[in-house]
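Once you know that position 125 of the sequence shown is 129 in this note's numbering, the rest is easy, because the numbers rise by one and skip nothing.
Taking it in order: structure first as structure tokens, then the write-up.
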Amino acid sequence: MTYDPDAPRYRGETDRPVHHLTVANARGEAMGYLWANDAADAAGWCLRPAGDRAGFNEGLGWSAKLDEAKARGLAPTAALAELVRGSDPRCVSHIVPGSLTAAPSLAALTELAHVVTAADDRRLLAQLDRENTDAWRRLREGLAALTDEDRDVQWSKGGEQPDGTRQMSYPLHSRRLERVVRALPAVGAVTPAYLWQDNPPPTVPLDGRMSPADAVRAATAVVRGERFSDGTIARAAKDGLIDAVAESLCSWYATEVAGTHDDP
């Protein structure tokens with residue numbers, strides 16, 4: 005699929021009310037919404053950030069179909085009607101029959117797209133590796149061994165080096181903290197099934213307790229985020245997020261899985 009910057013396209017923004025259709029996967033879970041407003045000559049794809057990566061990939065295809073409709077001179081809502089007629093439930097994604105409805109604004113639709121469902125939670129929990137007992141043991145023991153010193157991550161000395169080169173400062177994670185961090189992907193808590201870059205950064209709940217699905221979301225955002233921004237893990241260790249994530253996951257494993265193993 006090639007991108008032509010000069011091809012005709014509907015406007016991607018509007019402050020007017022929009023009509024929208026729900027696009028779902030084969031399991032009937034919403035992946036995103038197709039929306040349109042004729043007065044603004046606007047239409048587009050609204051991703052559900054709480055969904056999985058398939059929603060992002062499928063959105064590219066639906067957006068391309070809207071571009072094709074615009075090139076043929078269809079009004080935005082006429083394009084939606086055409087997509088409904090051509091939708092096939094056997095495909096990776098399809099338009100939910102009878103889902104056409106209206107939202108007072110595109111902002112309201114975007115807010116709807118951010119609502120997390122029970123199906124979203126189940127999908128993330130399904131990513132956890134129930135069989136890797138050694139990884140779960142490392143996570144549990146690593147959490148128990150963490151000290152306040154481990155949580156207060158120090159940074160290397162940056163600036164000009166003796167040989168004249170300049171070096172950026174970087175966080176110095178302790179071996180105990182690294183053990184916990186390495187255990188998170190090993191138990192399946194760091195997963196491409198969560199679109200961490202399209203969601204707000206994770207925070208520690210006021211009571212310090214986190215649901216297992218939210219622990220997967222936070223673990224993914226922290227571990228993947230470190231690749232883009234040094235200090236993401238250090239901040240999560242200092243503010244208690246690492247502890248909340250590990251405690252939630254270990255509690256889930258002990259309740260849901262450990263009883264089926266002789267050596268959890």
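Backbone N, C-alpha and C fix where the C-beta goes; we use that ideal spot for every residue, glycine too.
From the options, residue whose alpha carbon lies closest to that of residue i
i, options, result
"H177", "S252, R170, S67 and R239", "R239"
"G163", "Y174, R231 and E153", "Y174"
"A117", "A28, T259 and G244", "A28"
"R52", "M35, A122 and S91", "M35"
"D107", "T26, G244 and V184", "Reading the sequence as shown, one finds Ala at residue 107 and not Asp. Ranking T26, G244 and V184 by Cα distance to A107 puts T26 first."
"A148", "T259, A248, T18 and E33", "A248"
"W140", "P166, H23 and A187", "A187"
"A79", "E115, H23, T236 and F60", "H23"
"G146", "W256, I246, T18 and Y37", "I246"
"L129", "V194, R180, S67 and G244", "V194"
"L70", "R94, V100, G102 and Y37", "Y37"
"P93", "L143, Q171 and E33", "E33"
"G59", "E72, A73, E251 and I99", "I99"
"L64", "S91, C50, K74 and T259", "C50"
"R228", "P196, V208, T18 and E251", "P196"
Beta-carbon spacing of residue i, residue j below 9 Å
i, j, result
"Y14", "A43", "no"
"V96", "A30", "yes"
"Y257", "T224", "no"
"P216", "D125", "yes"
"L113", "L150", "no"
"V208", "L132", "no"
Residue i versus residue j: straight-line alpha-carbon distance, rounded
i, j, result
"A11", "G48", "15 Å"
"C254", "R57", "26 Å"
"E230", "P206", "13 Å"
"L104", "R89", "13 Å"
"T81", "A54", "26 Å"
"D202", "S233", "16 Å"
"G212", "S109", "35 Å"
"V226", "V185", "9 Å"
"P268", "V261", "Confidence at P268 is low in this model, with a pLDDT of 43, below 50, so the placement of that residue is unreliable and no value is reported for it."
"M243", "G235", "Here residue 243 turns out to be Asp, not Met, going by the sequence shown. When rounded, the distance between both Cα atoms is 12 Å."
"L143", "R183", "7 Å"
"R127", "M214", "17 Å"
"K74", "A83", "8 Å"
"W159", "M172", "10 Å"
"R170", "N136", "42 Å"
"D266", "R134", "Confidence at D266 is low in this model, with a pLDDT of 49, below 50, so the placement of that residue is unreliable and no value is reported for it."
"S91", "V119", "25 Å"
"G16", "S67", "10 Å"
"R179", "E251", "19 Å"
"A122", "D19", "31 Å"
"A111", "K161", "45 Å"
"N61", "W200", "15 Å"
"P204", "L210", "17 Å"
"E115", "A85", "24 Å"
"D167", "E72", "58 Å"
Residue i - partner residues in DSSP beta bridges
i, result
"I99", "V27"
"T105", "H24"
"Q158", "L176"
"W279", "In the structure displayed, the chain extends from 5 to 268; residue 279 sits before or after that span and is not available."
"Q131", "DSSP, once it has assigned bridges, lists no residue as partnering Q131."
"V171", "Note that residue 171 corresponds to Gln in the displayed sequence, not to Val. For Q171, which the question treats as bridged, DSSP gives the partners G163."
"A34", "A28"
"R15", "A46"
Residue i CB to nearest heavy atom of the ligand PLP below 8 Å
i, result
"V249", "What this structure holds is no ligand at all, so the ligand PLP is not there to describe."
Three CB pairs or more closer than 8 Å across the stretch 219-229 and the stretch 142-157: Taking 8 Å as the limit for Cβ pairs, the verdict is that the stretch 142-157 does not touch the stretch 219-229.
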